[in-house]
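A.B. asks: Chains as they are written, first to last, in my numbering: chain E, 1006 to 1445; chain V, 7 to 504; chain Z, 344 to 473. Virtual Cβ for every residue (Gly too), placed ideally from N, Cα, C.
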Amino acid sequence: MLAAIGVDSTAELFEQVPNELRLNRPLDLPAGMSEPEVYERLAALAARNAHAEDEVCFLGAGMYDHYVPAIVDAITQRSEFLTPYTPYQPEISQGGLQAMFEFQTMMSELTALPVSTAGLYEGPSSVASAGYLATGATGRRRFVVSCGLHPHSRSTLATYSAGFGAEIEEVGLEGGTTDPAALAAAVDGETAAVFLQSPNFLGAVEDVETLGAAAKEHGALLVVACDPMTLGVLRPPGECGADVALGEGQPLGNRLDFGGPSFGFFCGTEALIRKLPGRIAGETEDVDGRRGFVLALQTREQHIRREKATHNICTAQALNALAATIHLAWLGREGFRELGELLVRRAAYARERLAAVEGVELLHEAPVVREFALRLDAPVERVLDRCAEQGIAAGYPLGRDYPEHEDGLLVAITERRSREQIDALAEALRVAVAAEAVAV
Amino acid sequence: MNQQGEAVTTIFEKSKAGRRAAVLPEAGVPEPPLEELIPAKLLRDEPPRLPEVSEPEIVRHYNRLSRRNFDLDSGFYPLGSCTMKHNPRLNERVAALPGHARLHPAQDPRRAQGALELMWLLQESLAEICGLPHVSLQPSAGSHGELAGLLLTRAFHADRGEERTKVLAPDTSHGTNPASVTMAGYESVKVATNERGGVDMDDLRAKVSDEVACLMLTNPNTLGLFDENIAEMAALIHEAGGTLYYDGANLNAVMGQTRPGDMGFDIVHVNLHKSFSQPHGGGGPGAGPIAVSERIEPYLPCPQVVRRTGDNGGGPFFDLDADRPKSIGRLRGFQGNFGVFVRSYAYILSLGADGLAEASETAVLNANYLKARLAEGRAGKRLPVAFDRHCMHEFVLSGKPMKRELGVATLDLAKRLLDFGFHPPTVYFPLLVDEALMVEPTETETKESLDAFADAIERILAEAEEDADIAKSAPYTTPVRRLDEVRATRQPVVRQAL
Amino acid sequence: MAEASYPDDLRYHPDHDWARVEGDTATFGITWYAQDNLGEVVFYDPPEVGATVAKDGSYAEVESVKAVSDVIAPLSGEVVEVNAGLADAPERINEDPYGDGWLVKVRIADPSEAEGLLSAADYRKLLDSD
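Right, dumping it as structure tokens:
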């Protein structure tokens, strides 16, 4: 090979790198290891994590311990889905492109908005991306954001806004849901978008249609973040006046994976189609009249539009969106609804059982689907430690993000949380709260 | 792989009312009507129209779909700047360990020490490879890393009471660069390329000023050439008070050979789905961690994975540090694409210091060999290399003579390659080169694989000399032939009508 | 339009745009060369009626599948009419760039600006030199 190139050594090929920039020493990293050794090393690290196979997980806060059916892995681990690049040559990417089309159809159905993209990174950055879209679409630079939005979403929106330039006004919660008077007062003709989340971070279902009227009145976009697993039972954002419906896609087909990779779904109205961020698959025909799929409306995207692109995204989370597609096909129309109903009823049961525990009460009484907030008469983190000793991750301490709820605990339900596990949680909480209340 | 005759049906078209795959657990709790728990106004009238299919049908549908894809495990994939190297399956195995896969992101850090230590070790490894001490793993892709770098730049200048408005990038830069610039609230300014394929230093000097916040580069650049003026470029931008940003898409050329930190870069993003073997998944997931210099460290995204000394003389404790007053804040939810970190860390452990350096060396060798093969015969005449010097891990050819002399465009050559069982190189990028063809073989291809590709190009060119129409109407043997993209964009159909 | 054509009654801007001046209004569009380079037009993003356009500035965008082009105003003025038919049939820009493919009508601010534009012959010379 060297002869063909016309050099005596590979070193000559690196002569274009000036000497003073050459590393001239080995990287200060361990030498390469054999496969079994790497496996042992990674297994040893994994063993030092308290995970949902070993303990009962009532943690939610945006990502949930759902059961991912085995066929999801079987299909997403196929070479043909796992290893190709973005479908720039559509003739040999029909599998991936059709899967995107099916995904887009499903998310459009879930949110009741006509257009879905192929997805973004995850929930919070999708919220920020909606902010960027809104400034472009309206020419305005103010956002009105409910404190019911996931703290990570609000934080990410603020980070991005410092770049493209937008101000954020937050509206507080009252009784667990967005204060409607405060929201209406905050929205005006300078508002680019109003951001709501339903169910919100405290698990409460928001009346999106009523709250969203303020946005409509002032020509602001209504952006609604939602938990996709609740869309089998809740009225979807598209039926409540949302211009954009988006959110964290992890509950659909994706593992917890300590927070990623998952995907963000992003749906919009027809009017916004040319402003949407990221890939969109479209149906068409080939020269012989065969049905096929391509990346549509590419002139929105960075590889063509460059500095005027609707977004900078290139690599997204295609395989994770495929996992969601398979999971949704597995649940099917009836199964998806049934799962939603199961979540509502188990959450209702859990809420009642836990509120009946001495020293535990509801933080709010707003309707919930699968997650709810409690108030404890004992230091929350210490109660959590005691429950962990019993092999239960009892929930998310609200004090981490809501200073007004130092005593708050967010408890999440999935179809994996059986009645027996809920009863065990109630007992563990009873014991822990009693012990910690005494200790105070 | 043909499947041309197969009727394409979507999963929705296979739906039959009453069919179902999922069996869900019994509620096991009281089942009042939903309206008793949630006001009817907030409830959905009709469930979403998801398909109704059995599990065997789902498996068959997606398996058949998968066979309508060309993939890296099946063939050569020389996409320039994408680094399509082999994805080791060990990485999938370790990522699936329950300790990683079923770990909730909000788990108490004391009970997620394995995960946090893994992230910290990956950070340390990337710091050593990049030559910059501080790393954030939060960004989820290269673009996300670019946005992060520009927001860090903004914070850096704001902290010094300065307001700058422009960001410079070469005209050969990847589209994500100017797109990120606009998202970060800056104005994008292009810098010209000289006849050697490097940055035009006169143009750069003319454009650097105290209005410029940052210079974004990749080195080697998208032409596959190492710009030897990098030290001078770094000095120029630093003297003017700006930051120097490295797009890590081309890192595969330089691991263990040189380091962006040593070249003078302040901020580097690394594409874990390129140099670090994370599978591309048909368009993600990936990750775009950033490594930064000491002066940029205060602004890093929050939270940051840190190692603290343990209490009472115990071992080190890994934690998420949110106490970062100058941080630009969060870029996304939770900690980042942890599953990708597991795979990339396993890759780094597998290769080690020696293996990573060898990977870059071989990547550069393979690219130069393929370039030499394509400088022979018909390819040498019809597809001349854009810049005639040793390349690094990739090179760019121009199809201009082929178009002029045979009437076959780069697009047609790419489509004909599909019939020969190859994924084509990147086409029409960088914009600087007419009818560009950007080729990156990577280190995981054998000499035989490279020879087969060069032979295929030769055959296609010979065929085009006889009959140019063959390539112009290619491909013939793929599941679909050329698609009507005009129609897809004029009358977009982006979901199934139900 | 299959054959290159540059009508003599129009004035041309070096960025491949034309103007037909009739009294105090002018009609603008893109030239045969511009539409040929762009490929099949799929979308036209027009300005609002009443918008001000400035000579040499971009007033609209024309998109093909693979590219987007800024459309440059040959003269300054106020937009009085936009070709609404292009919303459903943007391909008219390719088929009839000087007729049905017109983009906007403008009330011109400064008639003397037209003197700075190229004649058809000079525009053809510019194309040949490229």
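1. Would you call the CB atoms of Z/Ala-457 and Z/Leu-429 closer than 8 Å?
2. Given that a residue counts as buried once 16 or more other Cβ atoms are within 10 Å of its Cβ, and exposed if not, what is E/Glu-1042?
3. Using a cut-off of 7 Å between C-beta atoms, extract the partners of Z/Val-392 located in chain V.
4. By DSSP's criteria, V/Leu-257 is part of a beta bridge. Which residues make up the other side?
5. Taking 8 Å as the threshold (C-beta atoms), are E/Gly-1364 and E/Ala-1378 in contact?
6. Less than 8 Å between the beta carbons of E/Val-1210 and E/Cys-1245, yes or no?
7. Identify which residue in Z/Leu-469, Z/Val-364, Z/Pro-389, Z/Glu-346 has its Cα closest to the Cα of Z/Ser-455.
8. Reducing DSSP to helix, strand and coil, say where Z/Asp-439 ends up.
9. Z/Glu-421 by DSSP, collapsed to three states: which one?
10. Hey, out of E/Gly-1168, E/Phe-1206, E/Glu-1222, E/Ala-1326, whose CA is closest to E/Ala-1191's CA?
11. Within 10 angstroms of the Cβ of E/Glu-1179, are there 16 or more other Cβ atoms? Answer buried if so, exposed if not.
12. At a cut-off of 7 Å, is E/Ala-1323 close to the ligand ADP when judged by its beta-carbon and the heavy atoms of the ligand?
13. Is the CB-CB distance between E/Arg-1284 and V/Gly-254 below 8 Å?
14. Using a C-beta to C-beta distance shorter than 8 Å, which residues of chain V count as neighbours of Z/Glu-383?
15. Quick one: is E/Phe-1106 near chain V, going by C-beta distance under 8 Å?
16. May I ask which residues mark the beginning and end of the alpha helix (DSSP H) holding Z/Phe-371?
17. Cβ of V/Leu-40 within 8 Å of Cβ of E/Glu-1346?
18. If I'm right that E/Ala-982 touches E/Ile-1397 with Cβ under 8 Å, what's the distance once you round it to whole angstroms?
19. What are the boundary residues of the alpha helix (DSSP H) that V/Trp-126 is part of?
20. Measuring alpha carbon to alpha carbon, tell me which residue in E/Gly-1413, E/Ile-1331, E/Asp-1262, E/Gly-1208 is nearest V/Gly-345.
21. Taking C-alpha atoms, which residue in E/Tyr-1090, E/Asp-1428, E/Val-1132 lies nearest to E/Glu-1253?
22. Taking Cβ positions only, does V/Phe-76 come closer than 8 Å to chain E?
23. I'd like to know whether the C-beta of E/Asp-1262 is nearer than 8 Å to at least one C-beta of chain V.
24. I believe V/Val-533 touches V/Leu-122 by the beta-carbon criterion, under 8 Å. Please report the beta-carbon distance rounded to the nearest angstrom.
25. Grab me the residues of V/Leu-250's own chain with a C-beta within less than 8 Å of its C-beta, minus the 5 sequence neighbours each way, in chain order.
26. Who pairs with E/Ile-1173 in a beta bridge, going by DSSP?
27. Check each residue of the region 1298-1312 of chain E: if its Cβ is closer than 8 Å to any Cβ of chain Z, include it; give the result in chain order.
28. Quick one: any contact between the region 375-386 of chain Z and the region 398-408 of chain Z, if contact means 3 or more CB pairs under 8 Å?
29. Does the Cβ-Cβ distance between V/Leu-306 and V/Val-276 come in under 8 Å?
30. Hey, could you find the ends of the alpha helix (DSSP H) E/Leu-1018 is sitting in?
31. Please name the residue, chosen from Z/Thr-368, Z/Gly-372, Z/Asp-352, that lies closest to Z/Trp-361 on a Cα-to-Cα basis.
32. Report the three-state DSSP secondary structure of V/Ser-455 (helix, strand or coil).
33. Using beta carbons (cut-off 8 Å, strictly below), is Z/Val-408 in contact with chain V?
34. Sort out for me which residues DSSP pairs V/Tyr-434 with in a bridge.
35. State the Cα-Cα distance for the pair V/Ala-297 and V/Leu-355, rounded to the nearest angstrom.
36. By how many angstroms is the C-alpha of V/Ala-381 removed from the C-alpha of E/Met-1006?
C.D. replies: Per the coordinate set shown:
1. Counting from 1 along the third sequence, the entry for residue 457 of chain Z is found at position 114. Counting from 1 along the third sequence, the entry for residue 429 of chain Z is found at position 86. Not a contact, by the Cβ cut-off of 8 Å.
2. Translated into positions along the first sequence, residue 1042 of chain E becomes position 37. E/Glu-1042 should be labelled exposed.
3. Residue 392 of chain Z sits at position 49 when you count from the first residue of the third sequence. Those do not exist, as Z/Val-392 stays about 24 Å from chain V at its closest Cβ, beyond 7 Å.
4. Translated into the one-based positions of the second sequence, residue 257 of chain V becomes position 251. Its beta-bridge partners do not exist; DSSP assigns none.
5. Looking up residue 1378 of chain E in the first sequence gives position 373. Looking up residue 1364 of chain E in the first sequence gives position 359. No.
6. Numbered from its first residue, the first sequence carries residue 1210 of chain E at position 205. Numbered from its first residue, the first sequence carries residue 1245 of chain E at position 240. Not in contact: E/Val-1210 and E/Cys-1245 (Cβ atoms no closer than 8 Å).
7. Here residue 455 of chain Z is taken as the residue at index 112 of the third sequence, counted from 1. Nearest of Z/Leu-469, Z/Val-364, Z/Pro-389, Z/Glu-346 to Z/Ser-455, Cα basis: Z/Val-364.
8. Stepping through the third sequence from its first residue, residue 439 of chain Z is reached at position 96. DSSP, read as helix, strand or coil, puts Z/Asp-439 in coil.
9. As a position in the third sequence, residue 421 of chain Z is number 78, starting the count at 1. In the structure shown, Z/Glu-421 sits in a strand (DSSP, three-state: E or B).
10. Taking the first sequence and counting its residues from 1, one reaches residue 1191 of chain E at position 186. The residue with the shortest Cα to Cα distance from E/Ala-1191 is E/Glu-1222.
11. Translated into positions along the first sequence, residue 1179 of chain E becomes position 174. Result: exposed.
12. For the structure depicted, the ligand ADP is absent and the ligand set is empty, with no information on it obtainable.
13. Counting from one through the first sequence, the residue named residue 1284 of chain E turns up at place 279. Counting from one through the second sequence, the residue named residue 254 of chain V turns up at place 248. No, the pair does not count as a contact, with Cβ atoms beyond the cut-off.
14. Stepping through the third sequence from its first residue, residue 383 of chain Z is reached at position 40. Those are Val-492, listed as they occur along chain V.
15. As a position in the first sequence, residue 1106 of chain E is number 101, starting the count at 1. Interface with chain V (8 Å Cβ-Cβ cutoff): E/Phe-1106 is included.
16. Stepping through the third sequence from its first residue, residue 371 of chain Z is reached at position 28. Z/Phe-371 -> not in any alpha helix (DSSP H); beta strand (DSSP E) instead, spanning 368-373.
17. As a working mapping, residue 40 of chain V is identified with position 34 in the second sequence. As a working mapping, residue 1346 of chain E is identified with position 341 in the first sequence. Yes, Cβ-Cβ distance for V/Leu-40 and E/Glu-1346 is below 8 Å.
18. Any question about residue 982 of chain E goes unanswered here, given that chain E covers just 1006 to 1445.
19. Translated into positions along the second sequence, residue 126 of chain V becomes position 120. Segment 119-136, the alpha helix (DSSP H) holding V/Trp-126.
20. Your numbering for residue 345 of chain V matches position 339 in the second sequence. Nearest of E/Gly-1413, E/Ile-1331, E/Asp-1262, E/Gly-1208 to V/Gly-345, Cα basis: E/Asp-1262.
21. Along the first sequence, one-based indexing puts residue 1253 of chain E at 248. It is E/Val-1132.
22. The residue labelled residue 76 of chain V in the question sits at position 70 within the second sequence. Closer than 8 Å to some Cβ of chain E, the Cβ of V/Phe-76 qualifies, so yes.
23. As a first step, residue 1262 of chain E is located in the first sequence; it is residue number 257 there, counting from the start. Closer than 8 Å to some Cβ of chain V, the Cβ of E/Asp-1262 qualifies, so yes.
24. Nothing can be reported for residue 533 of chain V: it is not among the residues displayed for chain V, which extend from 7 to 504.
25. Taking the second sequence and counting its residues from 1, one reaches residue 250 of chain V at position 244. Contacts found: Cys-220, Leu-221, Leu-223, Met-239, Ala-240, Ile-243, His-244, Gly-270, Phe-271, Asp-272, Ile-273.
26. Position 168 of the first sequence, counting from 1, holds the residue named residue 1173 of chain E. The partner list for E/Ile-1173 (beta bridge, DSSP) reads E/Phe-1148.
27. Gln-1303, Thr-1304, Ile-1309, Arg-1310
28. yes
29. Taking the first residue of the second sequence as 1, we reach residue 306 of chain V at position 300. Taking the first residue of the second sequence as 1, we reach residue 276 of chain V at position 270. Contact: no.
30. Against the first sequence, residue 1018 of chain E aligns to sequence position 13. Element bounds for E/Leu-1018: 1015-1018.
31. The residue given as residue 361 of chain Z occupies position 18 in the third sequence. It is Z/Gly-372.
32. The residue labelled residue 455 of chain V in the question sits at position 449 within the second sequence. Helix, per DSSP.
33. Working through the third sequence from its first residue, we reach residue 408 of chain Z at position 65. Yes, Z/Val-408 counts as interfacial toward chain V.
34. Within the second sequence, the letter at position 428 stands for residue 434 of chain V. According to DSSP, which records beta bridges pairwise, V/Tyr-434 is partnered with nothing at all.
35. Against the second sequence, residue 297 of chain V aligns to sequence position 291. Against the second sequence, residue 355 of chain V aligns to sequence position 349. So the two alpha carbons sit approximately 19 Å from each other.
36. Working through the first sequence from its first residue, we reach residue 1006 of chain E at position 1. Working through the second sequence from its first residue, we reach residue 381 of chain V at position 375. Approximately 14 Å, taken between the alpha carbons.
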